[in-house]
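In numbering that gives the first Met the number 0, the protein residues as written are 0 to 293. Shown next, in structure tokens, is the structure this report addresses.
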Amino acid sequence: MSETSLTVPLLTLCAAAFFGMSANAVRAGLRSLQSRIGAIISIASTTCCYLLLAPFWMRSEDWSNPGLLLFALFGLLHPWLSRYMAYEANRRVGATISATFEANSPLLTALLAVLFLGEVLTPLLGTGTLLTVAGICWIYWNREVAASIMRAAAVLALGAMILRALLVVISKVGLEMMPNPIMGAFATYTVSLMCALGYHLVRTPRTRIPLNSIGGRWFLLTGVLTATGTGCLFSALLLGEVIVVSPILASYPLFTMAVAWLLATEKLSRRAVGGVIVTVCGVILVSLAAASNP
Numbered sequence: 000m001s002e003t004s005l006t007v008p009l010l011t012l013c014a015a016a017f018f019g020m021s022a023n024a025v026r027a028g029l030r031s032l033q034s035r036i037g038a039i040i041s042i043a044s045t046t047c048c049y050l051l052l053a054p055f056w057m058r059s060e061d062w063s064n065p066g067l068l069l070f071a072l073f074g075l076l077h078p079w080l081s082r083y084m085a086y087e088a089n090r091r092v093g094a095t096i097s098a099t100f101e102a103n104s105p106l107l108t109a110l111l112a113v114l115f116l117g118e119v120l121t122p123l124l125g126t127g128t129l130l131t132v133a134g135i136c137w138i139y140w141n142r143e144v145a146a147s148i149m150r151a152a153a154v155l156a157l158g159a160m161i162l163r164a165l166l167v168v169i170s171k172v173g174l175e176m177m178p179n180p181i182m183g184a185f186a187t188y189t190v191s192l193m194c195a196l197g198y199h200l201v202r203t204p205r206t207r208i209p210l211n212s213i214g215g216r217w218f219l220l221t222g223v224l225t226a227t228g229t230g231c232l233f234s235a236l237l238l239g240e241v242i243v244v245s246p247i248l249a250s251y252p253l254f255t256m257a258v259a260w261l262l263a264t265e266k267l268s269r270r271a272v273g274g275v276i277v278t279v280c281g282v283i284l285v286s287l288a289a290a291s292n293p
């Protein structure tokens with residue numbers, strides 16, 4: 000078992016933890032701010048975090064690397080569009096339905112990785128992926144989800160899920176061309192911030208962005224958590240395979256639920272406990288698969 004084979008699951012778990020905690024901040028921020036404004040604030044916060052740390056990661060040779068262009072081009076769609084769709088889906092159809100769609104992203108990601116990256120989905124890895132997806136769906140699936148799944152607003156959650164799956168695969172390709180995770184994240188978020196601000200100025204030029212409001216502060220925190228999580232995610236993708244990273248990353252709702260439980264904003268049901276157990280088993284299997292194929 001190599002050190003790298005353990006590093007990839009640990010980095011991905013860290014990314015899942017930060018993304019999971021950011022979901023709690025998003026819920027708090029959406030109580031007082033529109034999803035579009037919240038997305039702008041959080042993306043700006045993430046970009047500023049990377050910019051402040053630029054002396055530690057920025058390299059002059061990366062500016063001419065073709066991988067930088069790939070990250071920048073994807074910034075036209077992610078995170079501003081995917082984040083807006085996810086926030087709006089959360090507002091319209093609720094966190095339950097949104098999370099159910101999100102939980103299925105590893106299936107699409109694994110398919111893309113096998114088809115376009117030539118990665119091999121072993122039986123152990125496939126079983127772990129299915130268990131992780133099943134565990135998250137078990138936590139969130141109920142009659143309300145089944146009745147609401149065909150709402151037009153659910154398309155937003157589906158779109159966000161597809162874009163996030165593409166993010167993982169495209170980021171892997173970009174990192175193989177330019178092995179600098181933070182530079183890739185910075186390029187994506189900078190372009191995305193310009194797109195989000197441009198859309199805001201065209202649609203509602205007179206609407207101010209309330210950074211110092213309660214909702215604004217929650218989204219600033221979201222950006223900091225996302226910056227850390229994205230750094231961990233891209234580092235994991237640099238070292239490991241997409242089919243290992245994606246299912247572990249999908250466990251982030253467990254961290255969202257854990258924080259909500261600690262803050263006494265949600266109660267743990269038997270269904271939730273069962274879903275957690277199944278998801279953890281899936282993550283363990285994926286980690287074992289990664290360790291057995293260093």
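Glycine included, every Cβ here is placed at the ideal spot set by N, Cα and C.
N23 carries a helical assignment under DSSP once its states are collapsed to helix, strand and coil. Counting along the chain, no alpha helix (DSSP H) covers V119, and no H or E run does either. Proximity to L9 across L236, T45, V168 and S31 peaks at L236, based on C-alpha coordinates. For W62, no alpha helix (DSSP H) encloses it, and the DSSP letter there is neither H nor E.
Per DSSP, the unbroken alpha helix (DSSP H) holding M256 starts and ends at Y251 to L261. Spatial neighbours of I36 in its own chain (CB-CB distance under 7 Å, excluding positions within 5 residues in sequence) are listed in chain order as I208. By the neighbour-count criterion, in which a residue is buried when 16 or more other Cβ atoms sit within 10 angstroms of its Cβ, G273 is exposed. Under the three-state reduction of DSSP output, I208 falls in the coil class, being neither helix nor strand. One thing to note: I242 has its Cβ within 7 Å of the Cβ of E118. Listed in chain order, the alpha helix (DSSP H) elements of length 4 or more contained wholly in the region 24–87 are 34–51, 53–56 and 65–73.
Comparing alpha carbon positions, the residue from L157, L110 and E240 closest to V172 is E240. The C-alpha of P78 is placed about 16 Å away from the C-alpha of P180. According to the DSSP assignment, M182 belongs to the alpha helix (DSSP H) that extends over P180 to R202. Residue state for T264 is assigned as coil, using DSSP reduced to three classes. Excluding its 5 nearest sequence neighbours in each direction, T229 has C-beta neighbours in its own chain below 6 Å: A184, listed in chain order. With the rule of 3 Cβ pairs closer than 8 Å, the region 263–282 does not count as touching the region 45–52.
E87 has its alpha-carbon roughly 26 Å from the corresponding atom of R270.
For the set S21, T6 and S4, the Cα lying nearest the Cα of P252 is the one of S21. For the set T227, V244, V277 and S234, the Cα lying nearest the Cα of F18 is the one of T227. Of the other Cβ atoms in all chains shown, fewer than 16 fall within 10 Å of the Cβ of T206; this residue is therefore exposed.
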